[in-house]
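Undergrad:
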Amino acid sequence: MSDFFNRIIGLFLVFILLVIAPLIIQSLSRDLTIKRSILNEMTNFIDKVTDTGHISELDKTDFYVGCSSYGAVVDIKIKRYMRIVNPDGNGSTYCTYVLTDKITDWDQGDIIEVDVQAIDHTTAQKLAVYFNKVSTPKLDFQLAGMIR
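Using numbering that gives the first Met the number 0, the first residue of the sequence shown is number 0, and each one after it goes up by one.
#1: What does a CB cutoff of less than 6 Å around D114 pick up in its chain, not counting 5 residues either side in sequence?
#2: With a Cβ-Cβ cutoff of 9 Å, do I111 and G144 count as a contact?
#3: How about the region 88-108 and the region 38-58: do they share at least three Cβ pairs that are nearer than 8 Å?
#4: Considering Cα atoms alone, identify which of V64, S67, D100 is closest to R79.
#5: May I ask you to report which of helix, strand or coil DSSP gives A20?
#6: I'd like to know whether the C-beta atoms of Q116 and L98 end up nearer to each other than 9 Å.
#7: Give the range of the beta strand (DSSP E) segment to which N85 is assigned.
#8: Closest by CA to I146, which one among F44, V72, G88?
Written out as structure tokens, the structure reads:
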């Protein structure tokens, strides 16, 4: 009788190791590739803006399509912090940064911040919740750069 239970447990373990484990490993690998690719897109976009000081509609569209083309559904926000130089009353100055909506032309010293947040969970996150009951956070990246 115990031989029957051992075979059932063995078949269950074989199913987990041959079907479920490779599925989870492949989806985790794809998830990491998506994250790395989106970070590369963000870095390239910020480098382009910091070097040129200008964003065209084509640049924004290319960035949006590039981030969305990897399979994750993401929400992208581009923020501009405009540098304002203020006198301090002692003959010197100090800088403050103000968030503004105008993001086409940038001045030297302005800061660009790009936020990319996932709208939906990835396949690896859904599998982790289903099989392991582990909830992992959604994709959430922020990168910034100063205009040269």
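The beta carbon of each residue, even a glycine, is placed where N, CA and C say it ideally should be.
TA: From the atom records:
#1: Only K76, Q141 meet the Cβ criterion.
#2: Yes. Within cutoff.
#3: yes
#4: For R79, the closest C-alpha among the options V64, S67, D100 is that of D100.
#5: When DSSP states are grouped into helix, strand and coil, A20 belongs to the helix group.
#6: no
#7: 73-86
#8: When each option's Cα is compared against that of I146, the closest is F44.
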